[in-house]
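Numbering (the numbering used here), first residue to last: 657 to 753.
Ideal placement from N, C-alpha and C gives every residue a C-beta, glycine not left out.
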């Protein structure tokens with residue numbers, strides 16, 4: 657688990673106010689604990705993605721929720737397809753045994 661200061665240190669170009677705004681918007685979803693937020697590696701990757709979308713691809717704040725939702729759906733579909741492929745491979749292996 658990673659604290660707020662470590663996230664800000666690791667994600668160049670990110671400040672606390674912007675990160676808090678992203679948390680409020682639901683773009684980044686850290687775990688809330690009594691002494692503040694605790695982040696995981698996936699949260700850091702998401703912060704980097706949001707900055708890249710905003711700065712390099714010029715996605716504005718109005719479009720960001722749509723883009724993030726579509727990317728989330730894409731990743732979920734890829735995970736599901738990976739599970740299906742693994743199940744098929746396991747079925748083939750069991751049939752051949």
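6 Å Cβ shell around residue i - same chain, five flanking residues per side excluded
i, result
"residue 687", "694"
"residue 675", "none"
Residue of the options minimising C-alpha distance to residue i
i, options, result
"residue 665", "692, 704, 711", "704"
"residue 698", "719, 746, 728, 734", "728"
"residue 663", "696, 751, 718", "696"
"residue 658", "689, 682, 681", "689"
8 Å contact criterion, which residue i and residue j should meet: CB distance rounded
i, j, result
"residue 667", "residue 700", "6 Å"
"residue 730", "residue 692", "Not confirmed; about 31 Å, so no contact."
"residue 720", "residue 709", "7 Å"
Exposed unless 16 or more other CB atoms sit within 10 angstroms - verdict on residue i
i, result
"residue 670", "buried"
"residue 740", "exposed"
Own chain partners of residue i with C-beta closer than 8 Å, once the 5 adjacent residues on each side are dropped
i, result
"residue 678", "684, 703, 706"
Considering only residues of the stretch 679-708, which uninterrupted alpha helix (DSSP H) runs meet the minimum length of 4 residues and lie entirely inside it, listed in chain order?
none
Which runs of the alpha helix (DSSP H) fall wholly inside the stretch 706-753 and span at least 4 residues, in chain order?
720-752
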